[in-house]
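Just so you know, the protein sequences line up as chains A and B, in that order. Each residue of the first sequence is one higher than the one before, counting from 6 in my numbering. Each residue of the second sequence is one higher than the one before, counting from 257 in my numbering. Even glycine gets a Cβ: it sits at the ideal position worked out from N, Cα and C. Note that this is a predicted model, so its numbers are computed, not measured. Please read the structure below before turning to the comments.
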Amino acid sequence: MSRHTTLPGPHLTALYLLHAGSMDVRLISLSVERHWKHAVRLVPTLDEARVVLVDCDRPGVEAAFEQLGPYPSAGIVCYAFHPKDHALRFPNRLILGKPLNLDALPGILAKAANDTAAIKATVTARRQVPAPVPTPPMAAVETPSSLGHGLHMDEERDLCGAMDDIPLTPGTPLSEKLFFAPDQYLIGHLSRAVEQAVASGRPHVISGLPHLIGVQPQPLPVCVTAFRGNQLRPFSMTQLPHATARIVSALIFSESVGTETVYAAEDFLWNIAAWAARGRLPVGTDPYQRVRLKAWPNFTQAFLSPHALRIAALWTRTWASPVEIATQLAIPHRYVFSVFSSAHFSGLLDRNAPTVAPIAVIPVAAHPSPSPKQEQRPSILSRILRKLLNAV
Amino acid sequence: MRSERARHNKIIFSGTVGAGKSTAIAALSDIPPVCTEAVASDETAALKKTTTVAMDYGLLNLPDGEKVMLYGTPGQERFSFMWEILSEGGIGLVLLINNANVDPLKDLENYLAAFKKFIASTAVTIGVTHMDRAQEPGLDAYRKKLAELGHDPLPAVFRADARNREDVATLVKALLYTLNPGLVDA
Ligand SMILES: Nc1nc2c(ncn2[C@@H]2O[C@H](COP(=O)(O)OP(=O)(O)OP(=O)(O)O)[C@@H](O)[C@H]2O)c(=O)[nH]1
Ligand SMILES: [Mg+2]
Numbered sequence: 006m007s008r009h010t011t012l013p014g015p016h017l018t019a020l021y022l023l024h025a026g027s028m029d030v031r032l033i034s035l036s037v038e039r040h041w042k043h044a045v046r047l048v049p050t051l052d053e054a055r056v057v058l059v060d061c062d063r064p065g066v067e068a069a070f071e072q073l074g075p076y077p078s079a080g081i082v083c084y085a086f087h088p089k090d091h092a093l094r095f096p097n098r099l100i101l102g103k104p105l106n107l108d109a110l111p112g113i114l115a116k117a118a119n120d121t122a123a124i125k126a127t128v129t130a131r132r133q134v135p136a137p138v139p140t141p142p143m144a145a146v147e148t149p150s151s152l153g154h155g156l157h158m159d160e161e162r163d164l165c166g167a168m169d170d171i172p173l174t175p176g177t178p179l180s181e182k183l184f185f186a187p188d189q190y191l192i193g194h195l196s197r198a199v200e201q202a203v204a205s206g207r208p209h210v211i212s213g214l215p216h217l218i219g220v221q222p223q224p225l226p227v228c229v230t231a232f233r234g235n236q237l238r239p240f241s242m243t244q245l246p247h248a249t250a251r252i253v254s255a256l257i258f259s260e261s262v263g264t265e266t267v268y269a270a271e272d273f274l275w276n277i278a279a280w281a282a283r284g285r286l287p288v289g290t291d292p293y294q295r296v297r298l299k300a301w302p303n304f305t306q307a308f309l310s311p312h313a314l315r316i317a318a319l320w321t322r323t324w325a326s327p328v329e330i331a332t333q334l335a336i337p338h339r340y341v342f343s344v345f346s347s348a349h350f351s352g353l354l355d356r357n358a359p360t361v362a363p364i365a366v367i368p369v370a371a372h373p374s375p376s377p378k379q380e381q382r383p384s385i386l387s388r389i390l391r392k393l394l395n396a397v
Numbered sequence: 257m258r259s260e261r262a263r264h265n266k267i268i269f270s271g272t273v274g275a276g277k278s279t280a281i282a283a284l285s286d287i288p289p290v291c292t293e294a295v296a297s298d299e300t301a302a303l304k305k306t307t308t309v310a311m312d313y314g315l316l317n318l319p320d321g322e323k324v325m326l327y328g329t330p331g332q333e334r335f336s337f338m339w340e341i342l343s344e345g346g347i348g349l350v351l352l353i354n355n356a357n358v359d360p361l362k363d364l365e366n367y368l369a370a371f372k373k374f375i376a377s378t379a380v381t382i383g384v385t386h387m388d389r390a391q392e393p394g395l396d397a398y399r400k401k402l403a404e405l406g407h408d409p410l411p412a413v414f415r416a417d418a419r420n421r422e423d424v425a426t427l428v429k430a431l432l433y434t435l436n437p438g439l440v441d442a
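Laid out in structure tokens, this is it:
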């Protein structure tokens with residue numbers, strides 16, 4: 006069977022989703038519909054594809070690759086949670102990390118499609134299997150990690166972005182990239198649903214997504230959903246088309262009994278916000294305004310971004326702006342912005358700083374030690390900490 | 257003196273009966289934890305004299321050879337006379353409150369009162385256990401109670417399952433950062 010590509014337009018990359026789960030198919034379709042209409046076209050058959058996207062984490066991926074035999078000029082882009090593990094199984098394949106970076110994906114797909122076409126043009130097709138794409142894996146780039154929590158470099162970029170610090174004092178216009186619009190993400194819908202449920206005392210449901218998300222305001226606010234943990238993260242990071250989600254008042258919200266997970270609303274909001282924020286601030290935030298954390302989030306369930314424990318320890322006791330917190334702890338601003346965004350949506354942020362007696366900003370490491378006994382502490386505390394960090 | 261110093265490297269676990277102190281220490285300890293109450297009943301009378309203390313004892317071995325003791329105070333209040341003695345010189349307190357008890361917020365108040373002096377000179381983090389069996393009161397009720405009791409800033413309060421090592425480690429990490437947010441893991 007020979008392959009006859011039908012190219013609908015000069016710039017559209019014809020994409021076939023091979024071996025992708027239904028959830029991913031929906032997410033990627035939504036993204037194409039909303040953002041990439043002019044760059045990518047999803048095609049229903051391999052015949053029409055110029056590039057295929059393959060989920061390596063799902064069982065049977067080898068068989069899926071075999072389907073590609075007759076289509077040597079289709080570009081192949083894989084994705085997986087742990088690209089490095091699969092790099093051994095599928096050497097020379099381009100394997101992206103999950104969750105997919107949706108901003109970069111259209112470019113990567115187009116490049117893979119073109120590269121394969123170029124190879125095809127110079128090396129006459131004599132193989133049964135598709136030619137490897139000679140692009141280095143995405144995971145191998147980016148800056149060195151600066152984390153104290155053993156997070157992997159890919160994860161750092163995914164979860165807190167890679168944004169540079171902003172100026173230490175106000176005055177310079179801030180980049181738009183520093184901010185995100187909550188309404189474009191799940192967090193915007195969720196935070197409204199929780200608000201409405203709590204205000205009315207009635208359960209509310211967010212529908213229109215691959216699974217329902219129920220919000221029960223009483224006796225303690227909880228969110229209930231059949232979304233699995235590993236689906237929630239990529240879903241929270243994705244921009245949703247505006248009309249996708251609807252919030253409705255409901256009597257009950259049971260979708261399919263037994264498969265749902267119940268989360269404390271505060272923890273759920275914290276996490277969904279962190280994943281949307283990726284080291285950014287909600288649009289409209291003044292990063293130089295002093296605020297405080299009302300309380301520590303529930304860090305056994307709430308997402309622990311890099312340095313989050315230190316940030317919480319300091320921010321529950323000090324009125325300080327995000328930039329001041331980062332300066333005191335000598336950490337990149339984006340980690341503090343991440344905590345700020347989560348605290349904002351989970352209701353843990355106190356913005357009513359007292360107007361009198363501003364708190365002097367002392368670098369925390371320079372706190373005086375009141376007694377000789379305590380002088381020993383930093384070293385032993387640090388060593389206990391290292392032990393716990395390495396062991397957990 | 258080294259032995260003198262080592263005596264001060266201890267983290268105290270306290271809390272209500274059945275909250276999970278022994279379990280938490282076992283989860284974190286590098287040695288099989290010792291429960292002196294059990295030991296006392298099996299040992300000779302002479303030994304008993306020194307082990308009337310009903311407490312749990314675990315150990316963290318640091319890479320440089322130094323040891324950190326994990327002390328669990330007896331949960332039963334009849335042993336409360338020794339809580340202060342046990343905690344003397346300790347680094348800080350991990351307080352576990354069993355949420356399935358009749359009045360866990362009252363328990364919280366009692367334990368904070370009993371450790372008032374110790375907490376004032378060190379720090380405390382609070383693990384609310386058995387929340388899988390008893391959802392209420394929620395963490396917010398604990399925070400409100402702590403604020404009423406005059407704790408400002410509020411100590412860390414986490415939902416914790418003492419059987420989960422990571423939960424217990426998170427409580428201890430929060431304790432260390434409460435003592436010094438500038439701490440780096442060096
Ligand atoms: N379901 C549930 N069980 C827990 C939790 N935490 C601890 N347990 C269990 O609770 C029981 C009591 O735990 P212990 O560690 O003996 O409690 P303790 O605080 O040492 O009790 P005393 O020494 O009697 O004061 C054990 O069976 C634990 O496994 C939790 O969060 N949920
Ligand atoms: Mg015990």
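According to the neighbour-count rule (16 or more other Cβ atoms, all chains shown, within 10 Å of its Cβ), is B/R415 buried or exposed? Along the second sequence, one-based indexing puts residue 415 of chain B at 159. Buried: at least 16 other Cβ atoms inside 10 Å.
Quick one: what does DSSP say A/P137 is sitting in, helix, strand or coil?
-> Residue numbering aside, residue 137 of chain A sits at position 132 when the first sequence is read from its first letter. Only weak support is given to the placement of A/P137: the predicted model assigns it a pLDDT of 36, under 50, and the question is left unresolved by the model.
**Item:** Nearest to A/V308 (by Cα), restricted to the options A/L334, A/S347, A/R31 and A/P287
**Value:** Taking the first residue of the first sequence as position 1, residue 308 of chain A is located at position 303. Before going on, a small fix: residue 308 of chain A reads as Phe here, not Val. It is A/S347.
Exercise for the section: Spell out whether any CB of chain B is found under 8 Å from the CB atom of A/S326. Expected result: Here residue 326 of chain A is taken as the residue at index 321 of the first sequence, counted from 1. So, not an interface residue.
Could you tell me the boundaries of the alpha helix (DSSP H) in which B/V424 lies?
Walking along the second sequence from the start, residue 424 of chain B turns up at place 168. Note, B/V424: alpha helix (DSSP H), R421 to L435.
### Message
At the level of alpha carbons, what is the spacing between A/L17 and A/S254?
### Response
Sequence index remark: in the first sequence, residue 17 of chain A carries index 12 (1-based). Sequence index remark: in the first sequence, residue 254 of chain A carries index 249 (1-based). Looking at the two C-alpha atoms, the distance is approximately 41 Å.
Less than 8 Å separating the beta-carbons of A/H338 and A/D170?
The residue given as residue 338 of chain A occupies position 333 in the first sequence. The residue given as residue 170 of chain A occupies position 165 in the first sequence. Yes. Within cutoff.
Is B/D363 near ligand 1, judged by its Cβ being under 7 Å from some heavy atom?
Within the second sequence, the letter at position 107 stands for residue 363 of chain B. The answer is no for B/D363.
**Prompt:** What three-state label does DSSP hand A/S212 in the structure shown?
**Reply:** Along the first sequence, one-based indexing puts residue 212 of chain A at 207. Note: A/S212 maps to strand in three-state DSSP.
**Message:** Counting only Cβ pairs nearer than 7 Å, list the residues of chain B close to A/S347.
**Reply:** As a working note, residue 347 of chain A is residue 342 in the first sequence. Those within 7 Å of A/S347 in chain B number zero; the least Cβ separation is about 15 Å.
How should A/K392 be labelled, buried or exposed, when 16 other C-beta atoms within 10 angstroms of its C-beta is the threshold for buried?
In the first sequence, residue 392 of chain A corresponds to position 387, counting from 1. Buried is the call here.
Beta-carbon proximity list for B/N420, same chain, < 8 Å, skipping 5 on both sides:
Position 164 of the second sequence, counting from 1, holds the residue named residue 420 of chain B. Hits under 8 Å: A283.
Q) Along the chain, where does the beta strand (DSSP E) that runs through B/I382 open and close? A) Position 126 of the second sequence holds residue 382 of chain B. That run of the beta strand (DSSP E) goes V380 to T385.
Cβ pair A/L314, B/Y433 closer than 8 Å: Here residue 314 of chain A refers to the residue found at position 309 of the first sequence. Here residue 433 of chain B refers to the residue found at position 177 of the second sequence. Cβ distance < 8 Å, so A/L314 and B/Y433 count as in contact.
Exercise for review: Under 9 Å between beta-carbons, which chain A residues line up against B/A430? List them in chain order, please.
Suggested key: In the second sequence, residue 430 of chain B corresponds to position 174, counting from 1. Going along chain A in sequence order, the residues near B/A430 (Cβ under 9 Å) are W301, F304, L314, A317 and A318.
Return the residue from the list B/V384, B/S343, B/K401 and B/P288 that minimises the CA-CA distance to B/A376.
-> Sequence index remark: in the second sequence, residue 376 of chain B carries index 120 (1-based). The option with the nearest alpha carbon to B/A376 is B/S343.
C-alpha distance - A/Q223 paired with A/G206, whole-angstrom precision = Locating residue 223 of chain A in the first sequence gives position 218, where the first residue counts as 1. Locating residue 206 of chain A in the first sequence gives position 201, where the first residue counts as 1. Near 7 Å, if we compare the C-alpha coordinates of A/G206 and A/Q223.
_Against chain A, with Cβ distances strictly below 8 Å, would B/E409 count as a contact?_
In the second sequence, residue 409 of chain B corresponds to position 153, counting from 1. The question names Glu, but residue 409 of chain B in the sequence shown is Pro. Closer than 8 Å to some Cβ of chain A, the Cβ of B/P409 qualifies, so yes.
Nearest-angstrom beta carbon gap, A/L319 and B/L437 [assumed within contact, 8 Å]:
Here residue 437 of chain B is taken as the residue at index 181 of the second sequence, counted from 1. Here residue 319 of chain A is taken as the residue at index 314 of the first sequence, counted from 1. Before going further, note that residue 437 of chain B is Pro rather than Leu in the sequence given. Going by Cβ atoms, the distance from B/P437 to A/L319 rounds to 4 Å, so yes, they are a contact pair.
Notebook entry, point to check: Considering only C-alpha positions, which residue in the set B/A425, B/L427 and B/F269 is nearest to B/G346?
Noted result: Along the second sequence, read from residue 1 onward, the residue named residue 346 of chain B stands at position 90. Of the residues B/A425, B/L427 and B/F269, the one whose Cα lies closest to the Cα of B/G346 is B/F269.
request  = Could you please give the first and the last residue of the uninterrupted alpha helix (DSSP H) stretch that includes B/L315?
outcome  = In the second sequence, counting from the first residue as 1, residue 315 of chain B sits at position 59. Run containing B/L315: none in the alpha helix (DSSP H); it sits in the beta strand (DSSP E), D312 to N317.
### Task
Using a cut-off of 7 Å between C-beta atoms, extract the partners of B/R399 located in chain A.
Residue mapping note: residue 399 of chain B aligns to position 143 of the second sequence, counting from 1. A300, listed in chain order.
Checklist entry - Quick one: does B/R415 have its CB under 8 Å from some CB of chain A? => result The count along the second sequence starts at 1 and reaches residue 415 of chain B at position 159. Closer than 8 Å: yes.
In DSSP terms, what A/R251 is bridged to:
The residue given as residue 251 of chain A occupies position 246 in the first sequence. A/R251 is bridged to A/S212.
Verify the CB distance criterion: does A/T230 have a CB-CB separation below 8 Å to chain B?
-> Residue mapping note: residue 230 of chain A aligns to position 225 of the first sequence, counting from 1. It does not: the Cβ of A/T230 has no partner Cβ on chain B nearer than 8 Å.
Item checked: Cα-Cα separation between A/A370 and B/E392, rounded to whole angstroms -> Residue mapping note: residue 370 of chain A aligns to position 365 of the first sequence, counting from 1. Residue mapping note: residue 392 of chain B aligns to position 136 of the second sequence, counting from 1. In this prediction, A/A370 has a pLDDT of 47, which is less than 50 and means its spatial position is unreliable; what the coordinates show is noted afterwards. Cα-Cα distance, rounded: 38 Å.
Just checking B/L427 against ligand 1 - is the residue's beta carbon closer than 7 Å to any of the ligand's heavy atoms? By 1-based counting over the second sequence, the position of residue 427 of chain B is 171. No, since every heavy atom of ligand 1 falls outside the 7 Å radius drawn around the Cβ of B/L427.
Segments assigned alpha helix (DSSP H), at least 4 residues, entirely inside the stretch 279 to 324 of chain A
313 to 320
Starting from the N-terminal side, write out each stretch of the beta strand (DSSP E) that is 3 residues or longer and does not extend beyond the stretch 354 to 409 of chain B.
380 to 385
Excluding the 5 residues flanking A/A126 on each side, which residues of the same chain have their C-beta closer than 6 Å to its C-beta? Sequence index remark: in the first sequence, residue 126 of chain A carries index 121 (1-based). For A/A126, the predicted structure reports a pLDDT of 47, less than 50, and the residue's modelled location is therefore unreliable. A value from the coordinates is still provided. Closer than 6 Å at Cβ, skipping near neighbours: no residue.
Exercise for the section: In the DSSP assignment, find the alpha helix (DSSP H) that holds A/A348 and state where it starts and stops. Expected result: Walking along the first sequence from the start, residue 348 of chain A turns up at place 343. That run of the alpha helix (DSSP H) goes H338 to S351.
**Asked** Going by beta carbon distance, what residues of the same chain come within less than 6 Å of A/L23, once the five residues before and after it are set aside?
**Response** Within the first sequence, numbered from 1, the residue matching residue 23 of chain A stands at position 18. The beta carbon of A/L23 lies closer than 6 Å to those of V57, V59 and A69 in the same chain, with the five residues before and after it left out.
* By the 10 Å Cβ neighbour count, where 16 or more other Cβ atoms means buried, how is A/A279 classified, buried or exposed? -> For the purposes of this step, residue 279 of chain A is taken as residue 274 along the first sequence, with counting starting at 1. A/A279 is buried by the Cβ-count criterion.
| Beta-carbon contacts of B/V440 that lie in its chain and below 7 Å, excluding the five residues immediately before and after | Taking the second sequence and counting its residues from 1, the one referred to as residue 440 of chain B is at position 184. Listed in chain order, the non-local C-beta contacts of B/V440 below 7 Å within the same chain number zero, local neighbours out to five positions each way being set aside.
| Roughly how many angstroms lie between the CA atoms of A/Y76 and A/G65, to the nearest whole one? | Here residue 76 of chain A is taken as the residue at index 71 of the first sequence, counted from 1. Here residue 65 of chain A is taken as the residue at index 60 of the first sequence, counted from 1. Going from the Cα of A/Y76 to the Cα of A/G65 covers about 19 Å.
Please look up how many angstroms separate the CB atoms of A/A281 and A/I218, rounded, as I've assumed it's under 8 Å.
If you number the first sequence from 1, residue 281 of chain A lands on position 276. If you number the first sequence from 1, residue 218 of chain A lands on position 213. Actually they do not touch by this definition, with Cβ atoms about 14 Å apart.
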